[in-house]
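**Q**
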Amino acid sequence: MSLALRVIPCLDVDEGRVVKGVNFVDLRDAGDPVELAKAYDAAGADELVFLDISASSSGRSTTYDVVRQTAEQVFIPLTVGGGVRTVDDIDQLLRAGADKVSINTAAIARPEFLREAAERFGSQCIVLSADVRRCQEGTTTPSGFEVTTHGGRKGTGIDAFEWVEKAVELGVGEILLNSMDADGTKDGFDIELIQQIRDRVSVPLIASGGAGKVEDFPRAAAAGVDAVLAASVFHFGELSIAQVKDALREQEFIVR
Amino acid sequence: MAQRVALLDYGSGNIRSAYKALERVGASVVVTSDVDEALEQDALVVPGVGAFAACMAGLEAVDGRRVIDSFLESDRPVLGICVGMQILFDRGVEHGVDSPGCGFLSGVVEALEAPVVPHMGWNTVQADQKSRLFAGIEDQRFYFVHSYGVKADGIDPGRFAVTTANYGETFVAAIESGALAATQFHPEKSGDAGLQLLTNWVASI
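Protein chains in written order, with numbering that gives the first Met the number 0: chain A, 0 to 255; chain B, 0 to 204.
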C-alpha cells in the first residue's frame, strides 16, 4: 500500500479571519485564511479544513468569499464545515471551490440529511464531523462515549459508535473524529476512541483533538487513522508540517 | 495565443478548481454547457464527481457525448478527470446497477476492493514510458478520491499509454490514446505535480 497518511491543518474561520480557541472558548486571532492556506500548501499540508464558526449571516457569506479566494490560489483539497444545514449550503460551498463539506449538528437533528447530501453530491465529498466525549455524570450510552454539539458543551445522549456507523450507512465518505476530551489538552490524540471507531468503520478516518507533540502523530497513525488534523500547534508555530511528517516517516508511515 | 479550453459544465461538483488550475498553466478557459460554444474551442476538459449513472445522465442532458465525439473526430485533445474519466469507458457498475458509459474506451468501472474505501489521498503512480501527460514528472504523488475504478489488467498496453496506481488492487490512474487522455486522480488538486501534468496536457493542444 502506497497511499500517504494525510497531515491536515484546520483553520477556524470567524467573519473571514482565522482564530483558534483553546477548548473552543478563548479565541485568538491568527490571521488571514487565504494567506495561511497558501503558507500551509507551501509547507507540505496534504489538505486543508476550514471550520466556519461565524455566528452571523454576513460572516457566513464572507466564508464563501474566503473559500473562493483560497480555491483560486491553492491547488490541494479543501474541506469546509461549520453551520452546514441544507443541501443548498453544500451546493454553494462546492460551487465556491470546496472539495468536501463536513456536516455535524444538522445531521444529529436529522440524520437523513446525510443520505440526501451523499446521494446528490456523492459520498466522496460528504464528511461526518463527530464531536465525541466520554459520558459525563448522569449520562450513559452503550459504548460509554456520546456525541456532543456546540463545540462539546452540550451532550446529546447519542451513542458515538452507533452514530458513526449509522452515518457511514447513510453514505458519508469520511469521518472527522474530534475528541472533546482531548481537544485543547495537547496531551495527544484520544487513542482509545480512535481504535474503537477504526474497528467499526471502513471509510477514511481523520483524528482530531489533542495534538501537542510530534510523537502524538505516529501514535494516532498506529491506531489506524488515514489522516491527522491539528490546528493550534501549527498556527502558533509550535510544530511544522515537516516535523510531523518526519516523525511519521521515522516510524515507517508513508507520507507525501 | 493561449490555447482555448472548453470546461464542460454539466452540473458535476466543484469545477472552479479545474478552471483556476487550467488558467494557472496558461490556458484560456471557457466554462460551458453549450455544444456550439464548446466546439469552438481547441480542446475539451470533462470533469466529474459523484455517481457514475448521475454523471452520465448529466452528460447526456447537455449532449456531452456528442461534444466529446466531435473533439476526438477532429483530433482535438480531450481530458477526462475522475468520473469524467470513468464515463469514457463502456459501462459502470455501482451498487449492483450496470449503467452504460460513453464507450470511447473499452473497459468496466467497478468497485475498488480495499479495506478502506473511498481511496482518498495522495498516492504514487507507475507512469507508462509512452505517456505524454507524465513527461518530466517523476516520483510525485497525485490526489485521488474515488470508490470505483477500472482494473488495469483489462487494458491493452499496446494500444494505450496506461499509467497505474495501486490501492487494494492495480487500477488505471491515467490512460492516453491519440487525442484522448484521462486521469482517475484530480490533477487540479494535486499541487505542483498536478499543475505540471496540466502544463504537459495544454502543451499538447
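Don't be surprised by glycine CBs; every beta carbon is placed ideally from N, CA and C.
#1: In the stretch 98 to 137 of chain A, which residue ranges form an unbroken beta strand (DSSP E) of at least 3 residues, counting only runs that do not cross its ends?
#2: At 3 residues or longer, what runs of the beta strand (DSSP E) sit wholly inside the stretch 189 to 242 of chain A?
#3: Determine, using beta-carbon pairs with one atom in the stretch 24 to 44 of chain B and one in the stretch 161 to 169 of chain B, whether at least three such pairs fall under 8 Å.
#4: Looking only at its own chain, which residues have a Cβ that is under 6 Å from the Cβ of VAL92/B, when we skip the five neighbours before and after it?
#5: Mind reading off the beta-carbon distance from ALA181/A to GLY223/A? Whole number of angstroms is fine, and I expect it under 8 Å.
#6: For THR85/A, verify whether its CB is less than 7 Å away from any heavy atom of the ligand ADP.
#7: Which residues share a DSSP beta bridge with CYS9/A?
#8: Would you tell me roughly how many angstroms separate the C-alpha atoms of PHE216/A and ILE7/A, rounded to the nearest one?
#9: Comparing C-alpha positions only, which one of LYS188/B, VAL96/B and PHE70/B sits nearest to ALA5/B?
#10: Please classify ASP98/A: is it buried, with 16 or more other beta-carbons within 10 angstroms of its beta-carbon, or exposed?
#11: Say whether chain A places a C-beta atom closer than 8 Å to the C-beta of TRP289/B.
#12: Under a three-way DSSP split, which group does ASN199/B fall into?
#13: Going by alpha carbons, who is nearest to GLU187/B out of VAL73/A, LEU35/A and VAL18/A?
#14: Where do the ends of the beta strand (DSSP E) carrying ASP208/B lie?
#15: Name the one or two DSSP bridge partners that MET119/B has.
#16: Decide yes or no for the touch test of the stretch 240 to 248 of chain A against the stretch 18 to 37 of chain B: beta carbon pairs closer than 8 Å, at least 3 of them.
#17: Taking DSSP as the reference, what is the three-state secondary structure of ARG90/B?
#18: Answer with yes or no whether the minimum CB distance from ASN165/B to chain D is below 8 Å.
#19: Using a cut-off of 8 Å between C-beta atoms, extract the partners of GLY148/B located in chain A.
#20: Is PHE141/B closer than 8 Å to GLY193/B when the C-beta atoms are compared?
#21: Out of GLU137/B, TYR147/B and LEU87/B, point me to the one whose CA is closest to LEU115/B's CA.
**A** From the atom records:
#1: 99 to 102 and 125 to 133
#2: If only complete runs of 3 or more residues are kept, the stretch 189 to 242 of chain A shows the beta strand (DSSP E) at 204 to 207 and 226 to 229, in order along the chain.
#3: no
#4: Stepping through the second sequence from its first residue, residue 92/B is reached at position 93. Within the same chain, VAL92/B has close Cβ partners GLU109.
#5: For the purposes of this step, residue 181/A is identified with residue 182 of the first sequence, where counting begins at 1. For the purposes of this step, residue 223/A is identified with residue 224 of the first sequence, where counting begins at 1. Wrong, their Cβ atoms sit about 16 Å apart, outside the cutoff.
#6: Looking for the ligand ADP in the displayed structure turns up nothing, as the structure carries no ligands at all.
#7: Taking the first sequence and counting its residues from 1, one reaches residue 9/A at position 10. In DSSP, CYS9/A forms a bridge with VAL48/A.
#8: Counting from 1 along the first sequence, the entry for residue 216/A is found at position 217. Counting from 1 along the first sequence, the entry for residue 7/A is found at position 8. Rounded to the nearest angstrom, the two C-alpha atoms are 11 Å apart.
#9: Here residue 5/B refers to the residue found at position 6 when the second sequence is read from its first residue. Nearest C-alpha to ALA5/B: PHE70/B.
#10: Numbered from its first residue, the first sequence carries residue 98/A at position 99. Per the 10 Å Cβ criterion, buried.
#11: With chain B represented from 0 up to 204, any question about residue 289/B goes unanswered, as that position is not in the structure.
#12: Start at 1 with the first residue of the second sequence, and residue 199/B comes out as number 200. Here ASN199/B sits in helix by DSSP.
#13: Counting from 1 along the second sequence, the entry for residue 187/B is found at position 188. Checking every option, the nearest Cα to that of GLU187/B belongs to VAL73/A.
#14: Nothing can be reported for residue 208/B, as the shown portion of chain B is limited to 0 through 204.
#15: Here residue 119/B is taken as the residue at index 120 of the second sequence, counted from 1. Its beta-bridge partners are VAL144/B.
#16: no
#17: Counting from 1 along the second sequence, the entry for residue 90/B is found at position 91. ARG90/B: strand per DSSP, three-state reduction.
#18: Judged by its chain identifiers, the structure shown contains no chain D, and its protein chains are A and B.
#19: Reading the second sequence from its first residue, position 149 is the one you call residue 148/B. Taking a Cβ-Cβ cut-off of 8 Å, GLY148/B has no neighbours in chain A, whose nearest Cβ is about 13 Å from it.
#20: Here residue 193/B refers to the residue found at position 194 when the second sequence is read from its first residue. Here residue 141/B refers to the residue found at position 142 when the second sequence is read from its first residue. In this structure, PHE141/B lies closer than 8 Å to GLY193/B by Cβ.
#21: Counting from 1 along the second sequence, the entry for residue 115/B is found at position 116. The amino acid occupying residue 115/B in the given sequence is Val; Leu does not appear at that position. The candidate whose alpha carbon is nearest that of VAL115/B is TYR147/B.
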